[in-house]
Amino acid sequence: MARIVMKFGGTSVADMSRIRHAAEFVRREADAGHAVVVVVSAMAGETNRLVALAEDAGPPDPALDARSIEADAVIATGEQVTSGLLAIALQKMGYRARSWQGWQARLKTDRAFGRARILDIEAEALAAAIDGGEIAVVAGFQGLTDDGRITTLGRGGSDTTAVAFAAALKALRCDIYTDVDGVYTTDPRITKMARRTSKLSYEEMLEMASLGAKVLQTRSVELAMAYRVNLRVLSSFVAPDADNPGTIICDEEETMEQRIVSAITVSRDEARISLLNVPDEPGRAARIFSALAAAAVNVDMIIQSPARTSGANISFTIPEGDLERASSAIESLKTEIGYDKLIADREVVKVSVIGVGMRSHTGVASTMFQTLADRKINIHNISTSEIKISVLIHSEYAELAVRALHQAYGLDRDAIGATPS
Ligand code: ADP
Ligand code: ASP
Ligand code: MG
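First residue of the sequence shown: 38, per our numbering; consecutive thereafter.
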């Protein structure tokens, strides 16, 4: 009996009728003779509501670690509700089903409350239950520290719960059911010209997730890649027996499509800090970036250019939520670093083009820069890897840039010669 993991996101369990609809997908897999684990998110909007409640109870305070521990105790409850409701719906349909909270499913994490990482899953009891024909409905997004406290895995973390169980149980498949019918060439909410992609490599999906495509949590793709989990993204908004191929995330060799660029993403969670007139001598950059590392700020896209005077201007991007922490870490060292002025800018977004085809093709960057220049969009910062190019631009141009690039790389639905997916 093959084991399979199915995950339903927030909109797929948004109310009782959607939960019953999700149960119909589970029924199909159980009737096909599979041992089934279902991972659920909280109802759409519920985690936001719980986060706001916890913040209202006490503003975030790094000095109070009880604050984050107790916030996770609150925030994790959304998934407890949906796991119980789906188990009830399945029982009503005549199946043996049982809900499993993080502590019951033995999903162990570190102590990074609010963004915990999975250390281990002691899945023996759960494996025995599903192999014995019971459907396990696991509350996503939550885990347990070694001293028994509830943690959460960061926003979107139910994807990671699902992939982690698929890896631990050596599941045949991990199917992520959501409100789109697969992974698209760009966020379908930005342009109607976006197309579903039938197959993507783990590497491309990883870049997409970390560069803003929220359809999968980045950590879930990392885990899927490390454990070679057969991952698929598909719709829960169709009839359970409808044709629903979704997008398969797999090894690069198995992706037959020959596109140079596979996707365009936009990340809005960006801010830029510029330090003007830093003395141009060894050790200054090291001082700046070690201060940021000590403050646990992740830095991306670094640019150094000569200032008009003898010094240099250094600018870099960080997650928007870290802006205050990063600014105060640097300002406390103003005399030591010796810069004239710190400028913080929240009105920036990072737009990226991604594709494994870039490894063997030239001209991808020039197409990107020319396309943006034709639209009079100024580029602040640039960063590249083997399979992506990212640019930082003013946030007012985010959608214009995505649409223009989508067209320029022949990804639009109606592009002549485009590969149908
Ligand atoms: P769930 O609640 O099921 O986890 P999410 O909201 O986390 O769903 O992810 C699905 C959403 O991701 C879609 O509604 C879509 O707007 C967004 N999205 C962003 N980029 C992409 C993309 N490239 N392909 C598909 N969906 C994307
Ligand atoms: N409910 C959590 C969130 O909204 C986890 C998830 O949906 O994956 O972030
Ligand atoms: Mg999600």
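Ideal placement from N, C-alpha and C gives every residue a C-beta, glycine not left out.
Quick check on this structure: which residue in the options has the alpha carbon closest to the alpha carbon of residue i?
i: Val401; options: Ala445, Leu271, Glu436, Phe326; result: Ala445
i: Val388; options: Val303, Leu442, Glu66, Thr48; result: Val303
i: Ser235; options: Leu379, Asp411, Thr222; result: Thr222
i: Ala113; options: Arg143, Gly151, Tyr132, Arg133; result: Gly151
i: Arg11; options: Ser347, Val266, Ser403; result: Any question about residue 11 goes unanswered here, given that the chain covers just 38 to 458.
i: Gly177; options: Arg450, Leu190, Ser352, Leu253; result: Leu190
i: Gly180; options: Ile172, Asp218, Trp137; result: Trp137
i: Gly249; options: Val73, Ala51, Ala435; result: Ala435
i: Ala94; options: Ala110, Gly82, Thr255, Asn335; result: Ala110
i: Val220; options: Ala208, Leu90, Tyr239; result: Tyr239
i: Ala142; options: Ala173, Val390, Ile301; result: Ala173
i: Trp140; options: Gly185, Val439, Glu161; result: Gly185
i: Arg256; options: Leu437, Gln407, Arg192; result: Arg192
i: Asp460; options: Thr399, Gly392, Arg362, Thr346; result: Absent from the structure is residue 460, since the part of the chain shown begins at 38 and ends at 458.
i: Ser273; options: Leu90, Ala441, Gly169, Glu61; result: Glu61
i: Arg148; options: Gly320, Ser105, Glu259; result: Ser105
i: Arg396; options: Thr404, Ala410, Val386, Ser422; result: Ser422
i: Ala333; options: Val386, Ile367, Ser54, Ile285; result: Ile367
i: Leu206; options: Lys129, Ala261, Gly194; result: Ala261
i: Met53; options: Arg86, Glu107, Thr84, Gly121; result: Gly121
i: Glu23; options: Val385, Glu92, Thr84; result: This structure does not reach residue 23, given that the chain is present from 38 up to 458, and the question cannot be answered.
i: Ser299; options: Lys251, Ile380, Gly392, Val63; result: Gly392
i: Arg65; options: Val76, Tyr132, Ala344; result: Tyr132
i: Ala59; options: Thr228, Leu156, Ala276, Arg362; result: Ala276
i: Asp157; options: Gln254, Ala201, Ser364; result: Ala201
i: Gln128; options: Gly47, Arg362, Ala67; result: Ala67
Using 8 angstroms for Cβ pairs, my map puts residue i next to residue j. What's the rounded Cβ distance?
i: Val42; j: Ala203; result: 4 angstroms
i: Ile430; j: Glu241; result: Not a contact, Cβ separation roughly 22 angstroms.
i: Ser432; j: Arg305; result: 7 angstroms
i: Ala146; j: Arg135; result: Rather than Ala, the amino acid found at residue 146 in this sequence is Thr. Actually they are not in contact, since the Cβ atoms of Thr146 and Arg135 sit about 22 angstroms apart, beyond 8 angstroms.
i: Val175; j: Thr198; result: 7 angstroms
i: Ile374; j: Arg450; result: Contact doesn't hold; Cβ gap of about 50 angstroms is too wide.
i: Ile79; j: Thr119; result: Going by the sequence as given, residue 79 is Ala instead of Ile. Right, their Cβ atoms sit about 6 angstroms apart.
i: Leu448; j: Arg232; result: 7 angstroms
i: Ser49; j: Thr215; result: 6 angstroms
i: Val77; j: Thr228; result: Val77 to Thr228, Cβ: 30 angstroms. No contact.
i: Val428; j: Met405; result: 7 angstroms
i: Leu123; j: Ile56; result: 5 angstroms
i: Gly169; j: Arg296; result: With a Cβ gap of about 45 angstroms, Gly169 and Arg296 do not count as contacting.
i: Leu419; j: Leu409; result: The question names Leu, but residue 419 in the sequence shown is Ile. Not really, about 11 angstroms apart at Cβ, beyond 8 angstroms.
i: Leu271; j: Val258; result: Going by Cβ atoms, the distance from Leu271 to Val258 rounds to 16 angstroms, so no, they are not a contact pair.
i: Ile301; j: His443; result: 5 angstroms
i: Ala208; j: Arg40; result: 5 angstroms
Give the secondary structure of residue i by DSSP, where H, G and I count as helix, E and B as strand, and everything else as coil.
i: Ala455; result: Residue confidence is low: Ala455 scores 47 on pLDDT, short of 50, so the model does not pin down where it sits. No coordinate-derived value is stated.
i: Arg55; result: helix
i: Leu253; result: coil
i: Leu10; result: Here the chain comprises residues numbered 38 to 458, so residue 10 is not present and cannot be evaluated.
i: Leu448; result: coil
i: Ala39; result: coil
i: Gln117; result: helix
i: Thr372; result: helix
i: Arg152; result: coil
i: Ser49; result: helix
i: Lys129; result: helix
i: Phe274; result: coil
i: Ile106; result: helix
i: Asp68; result: helix
i: Met338; result: strand
i: Ser365; result: helix
i: Arg345; result: coil
i: Leu144; result: strand
i: Asp377; result: coil
i: Ala330; result: helix
i: Arg135; result: strand
i: Ser389; result: strand
i: Ser352; result: strand
i: Ile325; result: helix
Legend entry - Contact between the stretch 301-315 and the stretch 338-348 (3+ Cβ pairs under 8 angstroms): Taking a contact to require three or more Cβ pairs closer than 8 angstroms, the stretch 301-315 and the stretch 338-348 qualify as touching.
Inset, instruction - Mind listing, in chain order, the continuous alpha helix (DSSP H) runs of no fewer than 4 residues lying wholly within the stretch 155-237? - result: 161-168, 195-205
Legend entry - Three CB pairs or more closer than 8 angstroms across the stretch 66-75 and the stretch 285-293: Not touching, per the Cβ criterion.
Inset, instruction - Pair every Cβ in the stretch 320-334 with every Cβ in the stretch 353-368, then say whether three or more of these pairs are closer than 8 angstroms. - result: Yes, since at least three Cβ pairs between the stretch 320-334 and the stretch 353-368 fall closer than 8 angstroms, the two stretches touch.
Inset, instruction - Please list the segments of the beta strand (DSSP E) lying wholly inside the stretch 401-439, counting only runs of 3 or more residues, in order along the chain. - result: Whole beta strand (DSSP E) segments, 3+ residues: 418-422, 425-431.
Inset, instruction - Report the residue ranges of all beta strand (DSSP E) runs contained in full by the stretch 261-319; include only those spanning at least 3 residues, in chain order. - result: 268-272, 284-287, 300-304, 308-315
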